[in-house]
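Inspection log for the structure reproduced underneath, given as structure tokens.
Numbering (my numbering), first residue to last: 715 to 1322.
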């Protein structure tokens, strides 16, 4: 039978068929099979479960049995081979009360599928694996989930019991990626985190888990997770032997403690694009082989330039320069090594760490949201919890957000600081390799004054990234219980400000913006409300709905609504001067017109 779907749902009763239909509505990749007589085109009739499995056990990644557990177990028994290749098997009763993974809970994903089906049916997922019940890491699938290769100094059936029995574990993080950050956030109490091997007193632990590009040999079991992290740059004699080169590279990696599983690419000069040994090694290790021109290689500052290579190839370096280009880094884990092989052939090798995985200082520009501490993004909260320095705009950001800070973190209010003073403080922590969070109000991209900070970070070569936040205009829509885009009424939102001390560009005058009669969200304009009202009235009708929101989502939030003709009076009578957002437009409080998206007459790829 042709593999059309990833999940085969096998239903044994009429009730089971009803449940199968519900499951397939939530899981479009599933197909229904039954031994019962059928006329439905959505259900495939099979002669017997045994015959179906005989033909299709390898055709589907997952099987869902609906009926008695005994039928499921007897049916799959002849086909069970090995946990690394067995499909996920899930069983549920035909009343939809209980969903139970039967086989390949972790590696095959049966636990995840069982939970998904349980959520769909409002059923109870029966999970029996210890790591799931304790809500701790599943070590046998952790590498695959994060794109890491796995190696261990002891069998996994020795290592996993140490972990699930909560013995003391050391976690060493030599690199930094999304996976390692998740490990930090989800660390069980019996795990201690380290960033340097020298800091670990191995004798105090029963297990070492290392997310690393290295191989560690210790007196206790070691479980390695290897991200693709190492870029090998090489030059070589023409027609060097493939097996001889591979043996030499493996020996060099072993000598310096690097894991072959962590190699991400091989790199060289472009005249080596057809070097058989390089191509063969890349194909065998299933990694890319990059080549660079002499001009590209000469852009890199190298530690060991060669006049001989310059005279022959027109470059100062092949191995060091190509490893830097491939890695995006500016330094090496291993500088150029010259290797002479028994055959008389020679090659050079240098190794650099992928810059994206380097554990180094960073500045995170984080959007704090509109005010309510619960409205910060999950990523933003995680960064606040991990930060060594939190610099926040105290006049605009609630102090409660800094309560997420870890013990020992430096937390400073930037309200009384100049930009230069802020940068000086950040530079001090950056030099120490710290994580720095610059906490901005709302979303940093809207009136956040971050471009001037990023200009300085660029000039100083400081690594930074941005985590978006919820803007106050989005929070205002929620508070006003309004959709700011109404079908066939208003389909645009304008975010702007009135002209006060900061002039507006000539083509962005408020009166010109008002011509569109879009939903207009006006920031930083409470003190010039009379002028704003006059400009808007040039194009909006006087009775246009208006909302004035003071410190939206803060504990002292105030919301005033009315009509545009009364805007200035609302602001004046309530003595509002700052942290005020003005919303203007017919979308405020509107309950009209239906979208096409969920209209039964509207057809699209998800609903035919």
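Just so you know, even glycine gets a beta-carbon here, dropped at the ideal spot from N, CA and C.
Selection from the options that minimises the alpha carbon distance to residue i
{"i": "residue 1070", "options": "1116, 1099, 890", "result": "890"}
{"i": "residue 1215", "options": "1242, 1226, 1200, 1202", "result": "1242"}
{"i": "residue 972", "options": "1015, 925, 1003, 990", "result": "925"}
{"i": "residue 1009", "options": "1036, 1022, 752, 1285", "result": "1036"}
{"i": "residue 894", "options": "941, 932, 1194", "result": "941"}
{"i": "residue 885", "options": "1056, 859, 920", "result": "920"}
{"i": "residue 685", "options": "1177, 903, 849, 844", "result": "The question about residue 685 has no answer, for the chain in this structure spans 715 to 1322."}
{"i": "residue 1050", "options": "995, 1073, 990, 970", "result": "970"}
{"i": "residue 960", "options": "868, 878, 1055, 905", "result": "1055"}
{"i": "residue 954", "options": "968, 986, 966", "result": "986"}
{"i": "residue 1282", "options": "1268, 1248, 1301", "result": "1248"}
{"i": "residue 943", "options": "967, 1100, 979", "result": "979"}
{"i": "residue 785", "options": "799, 795, 796, 767", "result": "767"}
{"i": "residue 1058", "options": "1132, 1130, 962, 1020", "result": "962"}
{"i": "residue 1208", "options": "1194, 1192, 1226", "result": "1226"}
{"i": "residue 1289", "options": "1305, 1122, 1272", "result": "1272"}
Beta-carbon proximity check, residue i vs residue j, cutoff 8 Å
{"i": "residue 1103", "j": "residue 1137", "result": "no"}
{"i": "residue 1250", "j": "residue 1228", "result": "yes"}
{"i": "residue 1115", "j": "residue 1139", "result": "no"}
{"i": "residue 923", "j": "residue 883", "result": "yes"}
{"i": "residue 1029", "j": "residue 1011", "result": "yes"}
{"i": "residue 820", "j": "residue 866", "result": "no"}
{"i": "residue 1266", "j": "residue 1238", "result": "no"}
{"i": "residue 1292", "j": "residue 1252", "result": "no"}
{"i": "residue 828", "j": "residue 817", "result": "no"}
{"i": "residue 801", "j": "residue 775", "result": "yes"}
{"i": "residue 724", "j": "residue 779", "result": "yes"}
{"i": "residue 1152", "j": "residue 1105", "result": "yes"}
{"i": "residue 743", "j": "residue 771", "result": "no"}
{"i": "residue 1063", "j": "residue 966", "result": "yes"}
{"i": "residue 1206", "j": "residue 1232", "result": "yes"}
{"i": "residue 835", "j": "residue 736", "result": "yes"}
{"i": "residue 837", "j": "residue 810", "result": "yes"}
{"i": "residue 746", "j": "residue 734", "result": "yes"}
For residue i, the three-state DSSP class (helix, strand or coil)
{"i": "residue 1230", "result": "coil"}
{"i": "residue 811", "result": "coil"}
{"i": "residue 1286", "result": "helix"}
{"i": "residue 978", "result": "strand"}
{"i": "residue 752", "result": "coil"}
{"i": "residue 1026", "result": "helix"}
{"i": "residue 906", "result": "strand"}
{"i": "residue 880", "result": "coil"}
{"i": "residue 1323", "result": "Past the boundaries of the shown model lies residue 1323; the chain is included only from 715 to 1322, so the question cannot be answered."}
{"i": "residue 989", "result": "coil"}
{"i": "residue 1275", "result": "strand"}
{"i": "residue 792", "result": "helix"}
{"i": "residue 716", "result": "In this prediction, residue 716 has a pLDDT of 40, which is less than 50 and means its spatial position is unreliable; what the coordinates show is noted afterwards. It is coil, neither helix nor strand."}
{"i": "residue 860", "result": "helix"}
{"i": "residue 1117", "result": "helix"}
{"i": "residue 942", "result": "coil"}
{"i": "residue 1306", "result": "coil"}
{"i": "residue 1186", "result": "helix"}
{"i": "residue 1210", "result": "strand"}
{"i": "residue 1148", "result": "coil"}
6 Å CB neighbourhood of residue i in its chain, flanking five on each side removed
{"i": "residue 790", "result": "803"}
{"i": "residue 1297", "result": "1190, 1235, 1261"}
{"i": "residue 930", "result": "924, 936"}
{"i": "residue 717", "result": "At residue 717 the pLDDT is 44, less than 50, meaning the model places this residue with poor confidence; the figure from the coordinates comes in the next sentence. Closer than 6 Å at the Cβ level, and outside the excluded window around residue 717, lie 773."}
{"i": "residue 1150", "result": "1077, 1103, 1140, 1143"}
{"i": "residue 729", "result": "808"}
{"i": "residue 863", "result": "940, 975"}
Other residues of its chain near residue i: CB distance less than 8 Å, five sequence neighbours each side excluded
{"i": "residue 749", "result": "726, 759, 760, 761, 762, 763"}
{"i": "residue 933", "result": "916, 917"}
{"i": "residue 1017", "result": "1034, 1046, 1049, 1050"}
{"i": "residue 1211", "result": "1161, 1218, 1236, 1237, 1238, 1239"}
{"i": "residue 1146", "result": "1075, 1102"}
{"i": "residue 1095", "result": "1118"}
{"i": "residue 1326", "result": "Since the first and last residues shown for the chain are 715 and 1322, residue 1326 lies out of range."}
Same chain only: Cβ atoms within 7 Å of residue i, ignoring 5 sequence neighbours per side
{"i": "residue 1041", "result": "945, 1066, 1067, 1068, 1069"}
{"i": "residue 1180", "result": "1079, 1158"}
{"i": "residue 1148", "result": "1075, 1102, 1103"}
Residue i: CB within 7 Å of a non-hydrogen atom of the ligand FAD
{"i": "residue 1211", "result": "By its list of ligands, the structure shown contains no ligand whatsoever, and the ligand FAD lies outside what it can speak to."}
Touching by the beta-carbon criterion (3+ pairs, under 8 Å), the stretch 902-916 and the stretch 941-957: Fewer than three pairs of CB atoms, one per stretch, sit closer than 8 Å, so the stretch 902-916 makes no contact with the stretch 941-957.
Meets three-Cβ-pair contact criterion under 8 Å: the stretch 1152-1166 and the stretch 1182-1198: Yes, they touch.
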